[in-house]
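Sequential numbering from 1 applies to the sequence shown in UniProt numbering.
The beta-carbon is built from N, C-alpha and C at its ideal position, and this holds for glycine as well.
Structure first, commentary second.
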Amino acid sequence: MVAKAPHTYCVPMTLADTAQPAPEPVSAPPRRRRGRRLVIGISIALLVAAGGTIAGTYYYDSVPLIESNAATPAAAVPPAVEKPFVAAIDPDFYAADNSLITRRYVMLGFGAEKESGLRTRIMAHKAETSYTKTEILDSYLGRADYGRGAVGLDAAAQTYFAKPVAQLSVAEAALLAVQLHPDRPEPKAGWNQILDTMVELGWLTPADRTGLAFPG
Numbered sequence: 001m002v003a004k005a006p007h008t009y010c011v012p013m014t015l016a017d018t019a020q021p022a023p024e025p026v027s028a029p030p031r032r033r034r035g036r037r038l039v040i041g042i043s044i045a046l047l048v049a050a051g052g053t054i055a056g057t058y059y060y061d062s063v064p065l066i067e068s069n070a071a072t073p074a075a076a077v078p079p080a081v082e083k084p085f086v087a088a089i090d091p092d093f094y095a096a097d098n099s100l101i102t103r104r105y106v107m108l109g110f111g112a113e114k115e116s117g118l119r120t121r122i123m124a125h126k127a128e129t130s131y132t133k134t135e136i137l138d139s140y141l142g143r144a145d146y147g148r149g150a151v152g153l154d155a156a157a158q159t160y161f162a163k164p165v166a167q168l169s170v171a172e173a174a175l176l177a178v179q180l181h182p183d184r185p186e187p188k189a190g191w192n193q194i195l196d197t198m199v200e201l202g203w204l205t206p207a208d209r210t211g212l213a214f215p216g
């Protein structure tokens with residue numbers, strides 16, 4: 001007689017039997033800890049901002065002030081002679097800060113390399129808070145290069161017109177101003193442009209403008 005093998009019962013498995021136990025939820029950091037982290041983060045941001053301000057202040061203070069020692073005394077340059085140069089270089093000179101004229105004055109006085117450099121702008125700001133616009137303008141005109149070997153307005157007046165600065169006419173000053181124009185236009189075109197700008201600014205009447213002849 002053959003013995004029967006014992007009967008095996010198969011119990012079906014459900015999804016519940018195969019599922020892994022759910023991980024325990026990670027508790028959020030205590031509110032006190034979160035608050036402490038927030039305070040630390042804000043403190044670090046404030047320290048970084050303060051450090052930048054301190055560094056900027058230190059750099060500003062380290063930039064020297066250019067001494068105003070113009071070759072041509074301010075009293076020797078009549079306003080009628082000054083105006084064409086302002087119209088040529090920076091018509092907003094009297095009203096604006098950090099003018100191109102001031103930055104050029106700084107470059108001549110300290111040998112700065114760039115008109116728009118940060119160091120140049122800081123020196124210009126210090127100059128404009130220490131000197132009048134007239135002092136800055138006349139200091140610049142007294143050091144600028146007008147071509148033909150003429151450095152300084154007095155030398156330029158003698159070289160081009162054989163007369164002192166005080167005797168220059170508006171037309172003659174405008175022609176000298178072309179030499180300092182940022183775009184260095186052709187002399188007559190630049191001369192006309194400068195005089196037209198003076199009319200627009202109210203520094204020259206249209207009638208006076210019409211009566212001026214090119215001194216070439």
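Classification of residue i by the beta-carbon crowding that lies within 10 angstroms, buried from 16 upward
| i | result |
| --- | --- |
| ARG121 | buried |
| ARG148 | exposed |
| LYS163 | exposed |
| LEU118 | exposed |
| ASP208 | exposed |
| THR205 | exposed |
| THR102 | buried |
| ALA127 | buried |
| ALA28 | Only weak support exists for where ALA28 lies, its pLDDT of 49 falling under 50; the value from the coordinates is given anyway. Classification of ALA28: exposed, given that the 10 Å Cβ count is below 16. |
Which listed residue (the options) has its alpha carbon closest to that of residue i
| i | options | result |
| --- | --- | --- |
| ALA150 | ALA127, LEU176, LYS126, ILE136 | LEU176 |
| LEU65 | PRO79, PHE85, SER99, THR129 | THR129 |
| GLU82 | GLN193, THR102, ALA173 | ALA173 |
| PRO215 | ASP196, ASN192, PRO206 | ASN192 |
| TRP97 | ALA80, LEU195, LYS133 | The displayed chain sequence assigns Asp, not Trp, to residue 97. Selected option, being the one with the closest Cα: LYS133. |
| ALA80 | PRO187, ASP138, SER99, GLU186 | ASP138 |
CA-to-CA distance, residue j to residue i, given in whole angstroms
| i | j | result |
| --- | --- | --- |
| PHE93 | MET198 | 13 Å |
| ALA88 | LEU201 | 12 Å |
| GLU135 | TYR160 | 24 Å |
| TYR146 | ARG184 | 11 Å |
| VAL77 | ARG143 | 13 Å |
| PRO91 | ARG104 | 15 Å |
| HIS125 | GLU186 | 32 Å |
| LEU100 | LEU195 | 19 Å |
| VAL106 | ALA95 | 18 Å |
| PRO182 | THR210 | 25 Å |
| TRP203 | GLY152 | 24 Å |
| VAL165 | GLY190 | 20 Å |
| MET123 | LYS188 | 34 Å |
Cβ pair residue i, residue j closer than 8 Å
| i | j | result |
| --- | --- | --- |
| ALA155 | LEU168 | no |
| VAL178 | LEU212 | no |
| LEU180 | PHE85 | yes |
Integer-rounded CB distance, given that residue j should sit under 8 Å from residue i
| i | j | result |
| --- | --- | --- |
| TYR140 | LEU108 | 7 Å |
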